[in-house]
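In the UniProt record's numbering, the protein residues as written are 1 to 150.
Please read the structure below before turning to the comments.
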Amino acid sequence: MFHPVSLWVPLLILLPNLLFFRFEPQNMPDKTTRNRFFTGAEFIGRMGVIMVPLFYTLHLQNGFEVLALTVMLFSLGIYYYGWVRYFRNGRPYRLLFTPLMGIPVPLALSPVLYFLSASVLLHSGYLLLFSFILGAGHIPASLSDYQRNA
């Protein structure tokens with residue numbers, strides 16, 4: 001069954017990405033070939049973490065769920081801070097991957113952590129699985145882009 005409140009879970013991560021498509025990065029390098037495994041895992045994971053939450057209801061009844069919500073909000077804060085840094089500094093491509101407060105590829109790590117935590121709040125093994133798949137593709141691909149463009 002569709003749960004409209006759970007729409008907020010993927011929407012909060014997608015909001016900065018909408019601005020990204022409207023305002024493309026500056027100093028973007030030439031198109032490079034990406035690892036097909038990472039690209040495929042990233043795509044499958046992304047589709048899963050966007051769709052799966054819509055069919056689960058949020059739970060916030062015990063301490064473990066409160067902890068998961070705290071981690072979720074913390075990772076969302078890091079994610080938004082990374083996007084603010086990117087937009088305020090003229091949208092240089094490298095800032096999409098540059099470490100933030102000692103966190104490598106924060107715009108890749110924080111959404112994965114966010115969705116892993118959301119899987120606890122939604123009691124969803126499927127979201128947990130798709131979060132790991134997203135991480136298996138998105139994090140190595142972002143690290144590779146960072147190393148290539150550092």
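Just so it is clear, CB atoms sit at the ideal spot from N, CA and C, and this is done for glycine as well.
Residue i versus residue j - alpha carbon distance
i	j	result
P4	G82	28 Å
F130	V49	6 Å
S119	T70	13 Å
L67	L58	14 Å
L116	D30	33 Å
G45	F87	26 Å
Same chain, Cβ closer than 8 Å to residue i, neighbours up to 5 away in sequence not counted
i	result
N62	none
L76	L12, I13, S110 and Y114
R85	L95 and L100
Residue i vs residue j beta-carbon contact at 9 Å
i	j	result
A108	N35	no
Sequence-distant residues of the same chain with beta carbon closer than 6 Å to residue i, five excluded per side
i	result
P16	W83
T98	none
Residues near residue i in its chain [Cβ-Cβ closer than 7 Å; skip 5 each side]
i	result
P53	S6, V9, P10, A118, L122 and L127
Integer-rounded CB distance, given that residue j should sit under 8 Å from residue i
i	j	result
I78	L100	7 Å
Q26	P92	5 Å
G40	G137	7 Å
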